[in-house]
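Student: Going down the list, the sequences are from chains A and B. Sequence positions in the first sequence follow my numbering and run 289 to 386. Sequence positions in the second sequence follow my numbering and run 3 to 337. Using N, Cα and C, we set each Cβ at its ideal position, and we do this for glycine too.
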Amino acid sequence: MNTPALKEWPLWEVFVRSKQGLEHKHCGSLHAADAAQALHMARDVYTRRQEGVSIWVVPSAAITASNPDDKGELFDPAADKIYRHPTFYEIPEEVGHM
Amino acid sequence: MYTQAMDIPDEPGKKLASVSTTVSDQEAAFEARIDADGRIEPQDWMPEAYRKTLVRQISQHAHSEIVGMLPEGNWISRAPSLKRKAILIAKVQDEGGHGLYLYSAAETLGTSRDQMLEGLHSGKAKYSSIFNYPTLNWADVGVIGWLVDGAAIMNQIPLCRCSYGPYSRAMIRVCKEESFHQRQGYEALLVMMQGTEAQKAMVQDAVNRLWWKCLAMFGPPDSDSPHSAQGMRWGIKRISNDELRQKFIDATVPQAKVLGVTLPDPDLKWNEERQHHDYGQIDWQEFWNTVEGNGPCNKERLATRVKAHNDGQWVRDAALAYTRKQQQRAQKEAA
Numbered sequence: 289m290n291t292p293a294l295k296e297w298p299l300w301e302v303f304v305r306s307k308q309g310l311e312h313k314h315c316g317s318l319h320a321a322d323a324a325q326a327l328h329m330a331r332d333v334y335t336r337r338q339e340g341v342s343i344w345v346v347p348s349a350a351i352t353a354s355n356p357d358d359k360g361e362l363f364d365p366a367a368d369k370i371y372r373h374p375t376f377y378e379i380p381e382e383v384g385h386m
Numbered sequence: 003m004y005t006q007a008m009d010i011p012d013e014p015g016k017k018l019a020s021v022s023t024t025v026s027d028q029e030a031a032f033e034a035r036i037d038a039d040g041r042i043e044p045q046d047w048m049p050e051a052y053r054k055t056l057v058r059q060i061s062q063h064a065h066s067e068i069v070g071m072l073p074e075g076n077w078i079s080r081a082p083s084l085k086r087k088a089i090l091i092a093k094v095q096d097e098g099g100h101g102l103y104l105y106s107a108a109e110t111l112g113t114s115r116d117q118m119l120e121g122l123h124s125g126k127a128k129y130s131s132i133f134n135y136p137t138l139n140w141a142d143v144g145v146i147g148w149l150v151d152g153a154a155i156m157n158q159i160p161l162c163r164c165s166y167g168p169y170s171r172a173m174i175r176v177c178k179e180e181s182f183h184q185r186q187g188y189e190a191l192l193v194m195m196q197g198t199e200a201q202k203a204m205v206q207d208a209v210n211r212l213w214w215k216c217l218a219m220f221g222p223p224d225s226d227s228p229h230s231a232q233g234m235r236w237g238i239k240r241i242s243n244d245e246l247r248q249k250f251i252d253a254t255v256p257q258a259k260v261l262g263v264t265l266p267d268p269d270l271k272w273n274e275e276r277q278h279h280d281y282g283q284i285d286w287q288e289f290w291n292t293v294e295g296n297g298p299c300n301k302e303r304l305a306t307r308v309k310a311h312n313d314g315q316w317v318r319d320a321a322l323a324y325t326r327k328q329q330q331r332a333q334k335e336a337a
């Protein structure tokens, strides 16, 4: 953003909280010169029908994402750890809900 | 709104790059995911031709939304009541929003907003030909909502299941808003049809002029759509042009009856055996002529779009200059 050669407005990711008590959810992206403008535009682009009560905008360049090629390495190890789920354990019926 | 351009190359005669015959592991994984009806996300590996097809289709779709603001925008200052004016402003704003969702989706494929706008402004990229026809009377605004947006909905609903995640998510958002567009148009026409003879005649006139153009929006017949098979294979296109066109006609005939207008096709009639309506010949010569830039409003639409972009250049420059100044000030204060 500091380079004077920049002609295009930078990209921002938009997160909207649809109602109080729920999390902010990613809903899309947009171009804006700065954070204040990004918020303003996010309101017009993503909440024209009361879809939100709160907005976050984050410069897209600031997001670090996991690499799709690492998917196996990152997530597969959890697949064989079924003892992490409550259904792994058998409890006598007379105990009732636990 | 919607682009008919699924099958329309930006540069006529230019074929898609042929896919290499040696199948890499990456390609096999991609094909397997497509076969399993899975989704492809921006960072995933994808064949170059898949990427190119999507960039072309999504950007043409975005351009259609943006250019689609013009024919209706013409009527904002002439709307017959404050209510209709407020509705029309909201609708035109939605079209702008749809264009923005779609440009964002296309950008995830590695193209830039400036590149796409350059394509539109230079005339290299296509947009839906329906917007190259003039909106001559107020009923045209209603008919655009009822028929043009109606045709768009037919086309866009299957796109919600498109194999490319960002495109499918953008389409879900668009479809939610599109229903309002169609209903407001149909309702505006219902009101006119309860009016004077002159008002009824305006509605019929608008339907007469736009009906065949709407049928052409679904694109060339299946027998003449070279890219369709590949699009189907990749889960970009789910239902063929002719099937969608038939669905649209079958859905529209009863709506026209309720409205009290005649659809201008003497061959249009129910076929008991097919359980569908038969319909007449579409003038594909005219369609291609308009796609190639020779429709009644092509030049005016593009010129208006380019002028609006150029007239806004100082705003974009000023916003960036302001941001830079703020940053410099913050840096100085921190030092």
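Is the Cβ of Asp46(B) closer than 8 Å to any Cβ of chain A?
Tutor: Position 44 of the second sequence, counting from 1, holds the residue named residue 46(B). Answer yes: the Cβ-Cβ gap between Asp46(B) and chain A drops below 8 Å somewhere.
Student: In angstroms with no decimal places, state the Cα-to-Cα distance between Leu149(B) and Arg372(A).
Tutor: One-based indexing of the second sequence puts residue 149(B) at position 147. One-based indexing of the first sequence puts residue 372(A) at position 84. Taking the straight line from one Cα to the other gives about 54 Å.
Student: Quick check on His373(A): does DSSP put it in helix, strand or coil?
Tutor: Stepping through the first sequence from its first residue, residue 373(A) is reached at position 85. DSSP places His373(A) in coil when its eight states are reduced to three.
Student: Can you look up Glu274(B) in the DSSP assignment and give me helix, strand or coil?
Tutor: To locate residue 274(B), count along the second sequence from 1; it is residue 272. It is coil, neither helix nor strand.
Student: Of all the options Gly144(B), Asp46(B), Ala310(B), Arg171(B), which has the alpha carbon lying nearest to the alpha carbon of His338(B)?
Tutor: Past the edges of chain B, shown from 3 to 337, lies residue 338(B), and the structure says nothing about it.
Student: Which residue or residues does DSSP assign as beta-bridge partners of His312(A)?
Tutor: Residue numbering aside, residue 312(A) sits at position 24 when the first sequence is read from its first letter. Answer is Arg305(A), bridged to His312(A).
Student: Given that Ala353(A) touches chain B, what residues does it touch there, using C-beta distances under 8 Å?
Tutor: Translated into the one-based positions of the first sequence, residue 353(A) becomes position 65. Going along chain B in sequence order, the residues near Ala353(A) (Cβ under 8 Å) are Gln45.
Student: Give me whichever residues DSSP pairs with Ser342(A) in a beta bridge.
Tutor: For the purposes of this step, residue 342(A) is taken as residue 54 along the first sequence, with counting starting at 1. DSSP, once it has assigned bridges, lists Arg305(A) as partnering Ser342(A).
Student: Out of Trp272(B), Glu245(B), Lys239(B), state which residue places its alpha-carbon closest to the alpha-carbon of Val255(B).
Tutor: As a working note, residue 255(B) is residue 253 in the second sequence. Checked all of Trp272(B), Glu245(B), Lys239(B); the closest Cα to Val255(B) is Trp272(B).
Student: Starting from Gly40(B), follow the alpha helix (DSSP H) in both directions and report where the run begins and ends.
Tutor: Within the second sequence, residue 40(B) is the residue found at index 38, counting from 1. First-last for Gly40(B): undefined, no H or E at that position.
Student: Less than 8 Å between the CB atoms is what I'm expecting for Gln232(B) and Lys128(B), so what's the real figure, rounded?
Tutor: Taking the second sequence and counting its residues from 1, the one referred to as residue 232(B) is at position 230. Taking the second sequence and counting its residues from 1, the one referred to as residue 128(B) is at position 126. Actually they are not in contact, since the Cβ atoms of Gln232(B) and Lys128(B) sit about 18 Å apart, beyond 8 Å.
Student: Excluding sequence positions up to five away, which residues of its chain have a Cβ less than 7 Å from the Cβ of Asp285(B)?
Tutor: Counting from one through the second sequence, the residue named residue 285(B) turns up at place 283. If we look at Asp285(B) and ignore the five residues flanking it on each side, its Cβ neighbours are Trp214.
Student: Any Cβ of chain B within less than 8 Å of the Cβ of Ala350(A)?
Tutor: Translated into positions along the first sequence, residue 350(A) becomes position 62. No, its Cβ sits nowhere closer than 8 Å to a Cβ of chain B.
Student: Exposed or buried, which one is Ser79(B) when buried takes at least 16 other CB atoms within 10 Å?
Tutor: Taking the first residue of the second sequence as position 1, residue 79(B) is located at position 77. So Ser79(B) ends up on the exposed side.
Student: Going along the chain, which residues of its own chain have a beta-carbon closer than 8 Å to the beta-carbon of Ser170(B), five neighbours each way excluded?
Tutor: Counting from one through the second sequence, the residue named residue 170(B) turns up at place 168. Its chain contains Arg41, Leu161, Cys162, Arg163, Cys164 as the residues whose beta carbon lies nearer than 8 Å to that of Ser170(B), once the 5 sequence neighbours on both sides are disregarded; these appear in chain order.
Student: Does the region 305–313 of chain A come close enough to the region 330–345 of chain A to have 3 or more Cβ pairs within less than 8 Å?
Tutor: The region 305–313 of chain A makes contact with the region 330–345 of chain A, as at least three CB pairs between them are under 8 Å.
Student: Between Gly282(B) and Leu270(B), which are expected to be in contact by the criterion C-beta below 8 Å, what is the C-beta distance as a whole number of angstroms?
Tutor: Translated into positions along the second sequence, residue 282(B) becomes position 280. Translated into positions along the second sequence, residue 270(B) becomes position 268. Their Cβ separation, rounded to whole angstroms, is 7 Å, which keeps Gly282(B) and Leu270(B) in contact under 8 Å.
Student: Please classify Thr389(A) as buried or exposed, where buried requires at least 16 other C-beta atoms within 10 Å of its C-beta.
Tutor: A query on residue 389(A) cannot be resolved here, the shown segment of chain A reaching from 289 to 386 and no further.
Student: Which one or two residues does DSSP pair with Ser317(A) in a beta bridge?
Tutor: Taking the first residue of the first sequence as 1, we reach residue 317(A) at position 29. DSSP output for Ser317(A) lists Glu301(A) as bridge partner(s).
Student: Run through DSSP, which three-state label would Pro347(A) get?
Tutor: Indexing the first sequence from 1 puts residue 347(A) at position 59. Residue state, collapsed to three classes: strand.
Student: In three-state terms, what does DSSP make of His279(B)?
Tutor: Walking along the second sequence from the start, residue 279(B) turns up at place 277. If DSSP states are grouped into helix, strand and coil, His279(B) belongs with the strands.
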